[in-house]
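Novice: Protein chains in written order, with the numbering used here: chain A, 23 to 178; chain B, 23 to 178.
No residue lacks a Cβ here, since even glycine has one placed at the ideal position from N, Cα and C.
The model shown is predicted, which means the values in this text are computed figures rather than measured ones.
Submitted below is the structure of interest, expressed as structure tokens.
Protein chains: 2
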Amino acid sequence: MYSCSDHKSCLSDALHVADKICQKKGLRFTSLRKIILEMIWSNHEPSKAYDILDKLKDVNLSAKPPTVYRTLDFLLENGLIHKLNSLNAYIGCSHPLEHNECFFLFCQECKEIKECCNKELAKAINQTASNNKFQPMNITLEIQGECQECTDKARL
Amino acid sequence: MYSCSDHKSCLSDALHVADKICQKKGLRFTSLRKIILEMIWSNHEPSKAYDILDKLKDVNLSAKPPTVYRTLDFLLENGLIHKLNSLNAYIGCSHPLEHNECFFLFCQECKEIKECCNKELAKAINQTASNNKFQPMNITLEIQGECQECTDKARL
DNA sequence: AAATAAATGTTATAATATAACATAACATAG
DNA sequence: CTATGTTATGTTATATTATAACATTTATTT
Numbered sequence: 023m024y025s026c027s028d029h030k031s032c033l034s035d036a037l038h039v040a041d042k043i044c045q046k047k048g049l050r051f052t053s054l055r056k057i058i059l060e061m062i063w064s065n066h067e068p069s070k071a072y073d074i075l076d077k078l079k080d081v082n083l084s085a086k087p088p089t090v091y092r093t094l095d096f097l098l099e100n101g102l103i104h105k106l107n108s109l110n111a112y113i114g115c116s117h118p119l120e121h122n123e124c125f126f127l128f129c130q131e132c133k134e135i136k137e138c139c140n141k142e143l144a145k146a147i148n149q150t151a152s153n154n155k156f157q158p159m160n161i162t163l164e165i166q167g168e169c170q171e172c173t174d175k176a177r178l
Numbered sequence: 023m024y025s026c027s028d029h030k031s032c033l034s035d036a037l038h039v040a041d042k043i044c045q046k047k048g049l050r051f052t053s054l055r056k057i058i059l060e061m062i063w064s065n066h067e068p069s070k071a072y073d074i075l076d077k078l079k080d081v082n083l084s085a086k087p088p089t090v091y092r093t094l095d096f097l098l099e100n101g102l103i104h105k106l107n108s109l110n111a112y113i114g115c116s117h118p119l120e121h122n123e124c125f126f127l128f129c130q131e132c133k134e135i136k137e138c139c140n141k142e143l144a145k146a147i148n149q150t151a152s153n154n155k156f157q158p159m160n161i162t163l164e165i166q167g168e169c170q171e172c173t174d175k176a177r178l
């Protein structure tokens, strides 16, 4: 699904923005936090907590589940990653600076995730909530399906 | 959130429709399936698998996790219940006969769920997917927040 | 340099879910 | 009605995801 012409810059941008955000908020972007964010950004596929743990053990023998989950919590709280509830997995946030509701397209073929923040859609969702006299606080919208590239490939 | 004036009929309707659907599809609405669907419909709150298991043990000493999960799978496959991914919980489907995309409002105060099938919103979601050249197959939309009643109560 | 706060280490366990194989109940063809 | 195949349930074991609670280390502030 993805055509990030240069994933290296994709990754380094993410780390740079994370650093910036932490500075701004007076938070510490420790090496553990950086390493885990780096792992999550190693590709555009969602990362599983225990896969992160396994990789982390290569550099940090003493890594254990709380090591990972605490760090994921930190990254989640600060909008640097998102949790995909339908997959029990985590993905880097593609625009942590300009944030509001955002939605996910997950291709079941190539396993890649695309984050899409669409104001029209956000409006429609808020409208639905308000029609139901409901005050939305947290929205999970995850669309599973097939991306164009994979559909095309299947046709060959 | 809910004002089903008569929950007994709410429940019996659900069981009746489930029976009808199984008959139509040539499936067996066994007593285990019926009991579990009944438990899920005992209120409008999402049910957790292991809570169902605990209750089930009162009537079926030998119940074990697969007993519950297999039955949940059956009910899910046949559109009689939905899984709420953001809660790891299950809720009865309020209109299993006329089905397409449906969305959920979960009140964090009273813990009740309202299923809302809104064609406008479904259209907006499909539009977003199609803008991204994406073929949607399965949509998870779960809105957490506060319902009117709970907001009002908090104001007292 | 001491006191405080924040981050990480560590042990244990909780909560959610599935794989694999055994047995029982039901459906149906002969 | 009974042998046979199929569907459902029982059973054992284990995988996966996540958190609680307390100890230690590292950083920050006084």
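(1) For S69(A), which option in D80(A), K42(A) and H104(A) has the closest C-alpha, if you only look at C-alpha atoms?
(2) Whose C-beta lies closer than 8 Å to the C-beta of I147(A) among residues of the same chain, with five residues either side of it excluded?
(3) To the nearest angstrom, how far is it from the Cα of L178(A) to the Cα of E171(A)?
(4) Quick one: complete beta strand (DSSP E) runs, 3+ long, within the segment 74-152 of chain A?
(5) Counting pairs of Cβ atoms below 8 Å between the segment 98-118 of chain B and the segment 140-155 of chain B, do you hit three or more?
(6) Report yes or no: do the segment 52-68 of chain A and the segment 24-42 of chain A share at least 3 C-beta pairs separated by less than 8 Å?
(7) Starting from E164(B), follow its DSSP beta bridges and name the residues at the other end.
(8) Use the C-beta contact count for N140(B): other C-beta atoms within 10 angstroms, 16 or more gives buried, fewer gives exposed.
(9) With a CB to CB cut of under 8 Å and the five nearest residues on each side skipped, what residues in its chain are close to Q130(B)?
(10) Exposed or buried, N153(B), counting other C-beta atoms within 10 Å across all chains shown (16 or more means buried)?
(11) What residues in the segment 110-140 of chain A bring their beta carbon closer than 8 Å to a beta carbon of chain B?
(12) I161(A) touches chain B at which residues, Cβ-Cβ below 8 Å?
(13) Under 7 Å Cβ-Cβ, which residues of chain A neighbour P158(B)?
(14) Which class does C169(B) belong to by DSSP, given the choice of helix, strand or coil?
(15) Is N148(B) close to chain A, meaning its C-beta is less than 7 Å from at least one C-beta of that chain?
(16) So what does DSSP say about S27(B), is it helix, strand or coil?
(17) If distances are taken between C-alpha atoms only, which option among S34(B), E137(B), L59(B) and L49(B) comes closest to Y91(B)?
(18) Going by Cα to Cα distance, which pick from C115(B), N107(B) and T89(B) is closest to G101(B)?
(19) Select from H38(A), T173(A), E134(A) and V81(A) the residue whose C-alpha is nearest the C-alpha of L54(A).
(20) Which of helix, strand or coil does DSSP assign to S34(A)?
Specialist: Looking at the atomic coordinates:
(1) Here residue 69(A) corresponds to residue number 47 of the first sequence, with the count starting at 1. Closest by alpha carbon: H104(A).
(2) Taking the first sequence and counting its residues from 1, the one referred to as residue 147(A) is at position 125. Closer than 8 Å at the Cβ level, and outside the excluded window around I147(A), lie E123, P158, I161 and L163.
(3) As a working mapping, residue 178(A) is identified with position 156 in the first sequence. As a working mapping, residue 171(A) is identified with position 149 in the first sequence. For L178(A) and E171(A), the gap between their C-alpha atoms comes out near 11 Å.
(4) Whole beta strand (DSSP E) segments, 3+ residues: 103-106, 111-114, 125-129 and 135-138.
(5) No: the two stretches stay apart, fewer than three of their Cβ pairs being nearer than 8 Å.
(6) Touching, per the Cβ criterion.
(7) If you number the second sequence from 1, residue 164(B) lands on position 142. Answer is T162(A) and F126(B).
(8) In the second sequence, counting from the first residue as 1, residue 140(B) sits at position 118. Counting C-beta atoms within 10 angstroms of its own C-beta, N140(B) has 16 or more neighbours from the protein chains shown and is therefore classed as buried.
(9) Looking up residue 130(B) in the second sequence gives position 108. Around Q130(B): Q166, G167 and E168.
(10) On the second sequence, position 131 is the one that residue 153(B) refers to. So N153(B) counts as exposed.
(11) Listed by position, the residues of the segment 110-140 of chain A near chain B (Cβ gap below 8 Å) are F125, L127, C129, Q130, K136, C138 and N140.
(12) Position 139 of the first sequence holds residue 161(A). Around I161(A), the beta-carbon contacts reaching into chain B at under 8 Å are L163, E164, I165 and Q166.
(13) Position 136 of the second sequence, counted from the start, is the residue given in the question as residue 158(B). In chain order: I165 and G167.
(14) For the purposes of this step, residue 169(B) is identified with residue 147 of the second sequence, where counting begins at 1. Three-state DSSP puts C169(B) in a strand.
(15) In the second sequence, counting from the first residue as 1, residue 148(B) sits at position 126. Output row for N148(B): interface = no.
(16) In the second sequence, residue 27(B) corresponds to position 5, counting from 1. Here DSSP, grouped into helix, strand and coil, assigns S27(B) to coil.
(17) Translated into the one-based positions of the second sequence, residue 91(B) becomes position 69. Per the Cα distances, L59(B).
(18) Within the second sequence, residue 101(B) is the residue found at index 79, counting from 1. Of the candidates C115(B), N107(B) and T89(B), C115(B) places its Cα closest to the Cα of G101(B).
(19) Position 32 of the first sequence, counting from 1, holds the residue named residue 54(A). With distances taken between Cα atoms, L54(A) lies closest to V81(A).
(20) Residue 34(A) sits at position 12 when you count from the first residue of the first sequence. The three-state reading of DSSP puts S34(A) in helix, counting H, G and I together.
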